[in-house]
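Residue numbers (the numbering used here): 1 to 323. The beta carbon of each residue, even a glycine, is placed where N, CA and C say it ideally should be. Predicted model only: the values in this text are computed from it and were never measured.
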Amino acid sequence: MTRIVYVEVLDERLRLKQRVRLDRLPAVIGRGYDSDVILDDPYVSPAHLRIMVDENGTLLAEDLQSLNGVHEASRTGAVARLELRSGTRLGVGRTTLRFFDPEHPVAATLADARTRGGERRQLFSTRISVALTLVALALFIVLAFLGNSEKAGFTQSVTAGLLIISGLAVWAGCWSLANRLVSHRFNFTLHLGITATAAIVLIIASHLSQWLDFLIPAADGFPVIDASVGLIVFGGALYGHLLLVTSLAHRVLWRSTVAVTGAIVGLIVLSVYATDDPSVSQLPFSSTLKPLHPRLVRTISLDEFTDAASVLKERADEVALEK
Numbered sequence: 001m002t003r004i005v006y007v008e009v010l011d012e013r014l015r016l017k018q019r020v021r022l023d024r025l026p027a028v029i030g031r032g033y034d035s036d037v038i039l040d041d042p043y044v045s046p047a048h049l050r051i052m053v054d055e056n057g058t059l060l061a062e063d064l065q066s067l068n069g070v071h072e073a074s075r076t077g078a079v080a081r082l083e084l085r086s087g088t089r090l091g092v093g094r095t096t097l098r099f100f101d102p103e104h105p106v107a108a109t110l111a112d113a114r115t116r117g118g119e120r121r122q123l124f125s126t127r128i129s130v131a132l133t134l135v136a137l138a139l140f141i142v143l144a145f146l147g148n149s150e151k152a153g154f155t156q157s158v159t160a161g162l163l164i165i166s167g168l169a170v171w172a173g174c175w176s177l178a179n180r181l182v183s184h185r186f187n188f189t190l191h192l193g194i195t196a197t198a199a200i201v202l203i204i205a206s207h208l209s210q211w212l213d214f215l216i217p218a219a220d221g222f223p224v225i226d227a228s229v230g231l232i233v234f235g236g237a238l239y240g241h242l243l244l245v246t247s248l249a250h251r252v253l254w255r256s257t258v259a260v261t262g263a264i265v266g267l268i269v270l271s272v273y274a275t276d277d278p279s280v281s282q283l284p285f286s287s288t289l290k291p292l293h294p295r296l297v298r299t300i301s302l303d304e305f306t307d308a309a310s311v312l313k314e315r316a317d318e319v320a321l322e323k
């Protein structure tokens with residue numbers, strides 16, 4: 001009888017291995033080479049079951065006296081004959097079969113953000129991610145070197161920079177594992193690029209806020225701006241990670257990002273409110289001195305300093321005598 005049936009072959013983890021179209025019935029499913037659907041499963045008999053249509057037009061699965069039997073997903077025990085409907089699942093050996101009619105509805109098509117728009121393709125490229133990671137490493141090394149006053153400062157600075165990058169790599173690795181579980185791809189380099197970008201922006205914003213706080217001491221809103229920039233960067237990085245891990249629509253991703261960021265803001269506000277003690281007085285001026293780093297300032301020897309001080313003393317004595 002002419003009837004089209006689609007058979008999906010699933011593995012033990014219910015992942016699709018094969019999809020076969022049956023144009024003619026009856027059809028035999030088994031491990032033998034004369035079967036219409038050949039299963040690579042040692043627990044399946046050479047001719048395990050037959051798919052056929054009875055005189056009433058009902059689609060049936062019939063066990064061909066197989067060794068391990070035919071099992072329906074919603075029942076316990078083997079069955080000799082079973083009516084098949086679109087979406088029915090059968091267990092044969094250690095393989096799961098799923099049957100569909102051609103008219104069976106499918107899920108809506110998902111928009112792949114990684115293939116839509118040239119800007120996105122450039123943003124999530126491996127080369128740019130590697131370049132951003134190297135820029136972050138160089139920035140960490142420079143900052144550690146400027147803050148180190150020892151002779152072996154450069155070696156220690158490189159070690160410190162590598163340790164920080166290793167921490168970022170661990171964070172990116174966690175997202176890569178989630179990426180692997182969801183979409184069967186690691187995308188480690190891309191996740192590391194997102195993390196490095198967030199670190200670069202946070203460092204630049206932090207130092208810029210400190211300098212502005214030093215240059216404009218009357219303004220007291222820089223800590224709030226700094227915290228706001230941190231939350232925005234965190235939200236952007238979270239959105240980038242989710243965009244790689246899932247295939248959800250952008251609207252859903254933005255809502256999830258805003259929800260998580262809002263929850264973090266709420267926890268921070270509650271923490272600050274809980275630790276705020278009105279009995280403790282604070283100075284109204286909270287700016288800290290932000291001079292140039294000593295490594296960036298030209299230094300002189302002790303003898304040069306002594307000579308310069310002597311010249312300055314002589315000039316001061318001359319001015320005093322004139323008055």
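Asked                                                                                                      : Found
Straight-line Cα distance separating A136 from A227                                                        : 21 Å
Whether I194 touches H241 by CB criterion (8 Å)                                                            : yes
From G147, I141 and A172, residue whose alpha carbon lies closest to that of T159                          : I141
Straight-line Cα distance separating G93 from S157                                                         : 60 Å
Sufficient close CB pairs (3 or more, under 8 Å) joining the segment 75-92 to the segment 56-66            : yes
Presumed contact (8 Å Cβ cut-off) between L190 and L244, rounded CB distance                               : 6 Å
Classification of A198 by the beta-carbon crowding that lies within 10 angstroms, buried from 16 upward    : buried
For T195, the first and last residue of its enclosing alpha helix (DSSP H)                                 : F188 to L215
Beta strand (DSSP E) runs contained entirely in the segment 38-110, provided each spans 3 or more residues : 49-53, 59-63, 70-72, 81-83, 89-92 and 95-100
Within 8 Å, strictly: CB atoms of S209 and I225                                                            : yes
Counted within 10 angstroms of its Cβ, other Cβ atoms place D34 as buried (16 or more) or exposed          : exposed
Pair within 8 Å by beta-carbon distance, A196 and L168                                                     : yes
Euclidean distance between Cα positions of I4 and S247                                                     : 31 Å
Contact under 8 Å by Cβ, A80 with D101                                                                     : no
Length of the line joining the Cα atoms of T299 and F305                                                   : 10 Å
Integer-rounded CB distance, given that G30 should sit under 8 Å from V20                                  : Actually they are not in contact, since the Cβ atoms of V20 and G30 sit about 13 Å apart, beyond 8 Å.
Cα-Cα separation, G54 to R15                                                                               : It should be noted that the sequence gives Asp, not Gly, for residue 54. Between D54 and R15, the C-alpha separation is close to 31 Å.
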